[in-house]
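Enquirer: Numbering (this note's numbering), first residue to last: 188 to 386.
Ideal placement from N, C-alpha and C gives every residue a C-beta, glycine not left out.
I have a structure here, written as structure tokens, and I will follow up with some questions on it.
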């Protein structure tokens, strides 16, 4: 099952690409990978690459120095620096523009970021999990996504079929969500009735 593969992948430190249609739980799977890794007590930072313009995305991801652009009135760390020691989840990676892709590739290869407007490299230790609902290889073929970046992101590629096609994962997902619910709300739910689990 998908979740069995997730449990195998989680303890490693490799980059993971999650592929699947909207609603397949890519963010929850990314959380699950992080929560079962050696980085679980470090930050889990998420960013939707499709929700931000190019200039905002770059300053959000990589940070910016004072004066780098209009409104940059102070030095600001980016999300990669905020995730240092932990995991960054890059959702909708297929929406990232080519220039930002070049910067991301450099982060993966060099393990360092340069804030927008700076030439000083800042070392980072971040696991990257990316997700897309697009066929990135099609985007590679059309020149909209860098082939070298694709292969750096897809060291481990997990295709997430819709839950309707992976019913075996439902009990495992139930356990995950019950644990999350119990922690968040201070409850101690441990099981559901057999009737409720008959799906």
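Where does residue 387 sit, in a helix, a strand or coil, going by DSSP?
Expert: As displayed, the chain neither begins before 188 nor continues past 386, which places residue 387 out of reach and without an answer.
Enquirer: Compute the Euclidean distance between the alpha carbons of residue 277 and residue 333, then round it to the nearest angstrom.
Expert: Counted from its first residue, the chain shown places residue 277 at position 90. Counted from its first residue, the chain shown places residue 333 at position 146. About 16 Å.
Enquirer: Are residue 303 and residue 246 closer than 8 Å when you measure CB to CB?
Expert: Counting from one through the chain shown, the residue named residue 303 turns up at place 116. Counting from one through the chain shown, the residue named residue 246 turns up at place 59. Against a cut-off of 8 Å, the Cβ pair of residue 246 and residue 303 comes out as a contact.
Enquirer: In chain order, what residues of the same chain lie with their CB nearer than 6 Å to the CB of residue 208, ignoring the 5 residues before and after it?
Expert: Taking the first residue of the chain shown as 1, we reach residue 208 at position 21. For residue 208, where only same-chain residues beyond five positions count, the Cβ hits under 6 Å are 320.
Enquirer: Per DSSP, what kind of secondary structure is residue 251 in: helix, strand or coil?
Expert: One-based indexing of the chain shown puts residue 251 at position 64. DSSP places residue 251 in strand when its eight states are reduced to three.
Enquirer: Do the CB positions of residue 330 and residue 300 come within less than 8 Å of each other?
Expert: Along the chain shown, read from residue 1 onward, the residue named residue 330 stands at position 143. Along the chain shown, read from residue 1 onward, the residue named residue 300 stands at position 113. Contact: no.
Enquirer: Do residue 251 and residue 316 have their beta-carbon atoms positioned less than 8 Å apart in this structure?
Expert: Taking the chain shown and counting its residues from 1, one reaches residue 316 at position 129. Taking the chain shown and counting its residues from 1, one reaches residue 251 at position 64. Not a contact, by the Cβ cut-off of 8 Å.
Enquirer: Helix, strand or coil: which one does DSSP assign to residue 306?
Expert: Within the chain shown, residue 306 is the residue found at index 119, counting from 1. Residue state, collapsed to three classes: coil.
Enquirer: Assess contact between the segment 273-290 and the segment 211-228, defined as three or more Cβ pairs (one per stretch) separated by less than 8 Å. Is contact present?
Expert: These segments touch.
Enquirer: Short of 7 Å in beta carbon distance, which residues of its chain neighbour residue 233, apart from the five on each side in sequence? Order them along the chain.
Expert: Taking the chain shown and counting its residues from 1, one reaches residue 233 at position 46. Hits under 7 Å: 214, 276, 278.
Enquirer: At which residue ranges does the segment 270-333 contain complete beta strand (DSSP E) runs of 3 or more residues, listed in the order of the chain?
Expert: You should have 274-278, 299-301, 308-310, 314-319.
Enquirer: Given a cut-off of 8 Å, decide if residue 256 and residue 269 are closer than it, judged by their beta-carbon atoms.
Expert: The sequence position of residue 269 within the chain shown is 82, counting from 1. The sequence position of residue 256 within the chain shown is 69, counting from 1. No, the pair does not count as a contact, with Cβ atoms beyond the cut-off.
Enquirer: Is the beta carbon of residue 335 sitting closer than 8 Å to the one on residue 292?
Expert: For the purposes of this step, residue 335 is taken as the residue at position 148 of the chain shown. For the purposes of this step, residue 292 is taken as the residue at position 105 of the chain shown. A contact, by the Cβ cut-off of 8 Å.
Enquirer: Which one of 258, 366, 363, 262 has the shortest CA to CA distance from residue 305?
Expert: By 1-based counting over the chain shown, the position of residue 305 is 118. With distances taken between Cα atoms, residue 305 lies closest to 262.
Enquirer: Less than 8 Å between the C-beta atoms of residue 341 and residue 204, yes or no?
Expert: For this step, residue 341 is matched to residue 154 along the chain shown. For this step, residue 204 is matched to residue 17 along the chain shown. Yes. Within cutoff.
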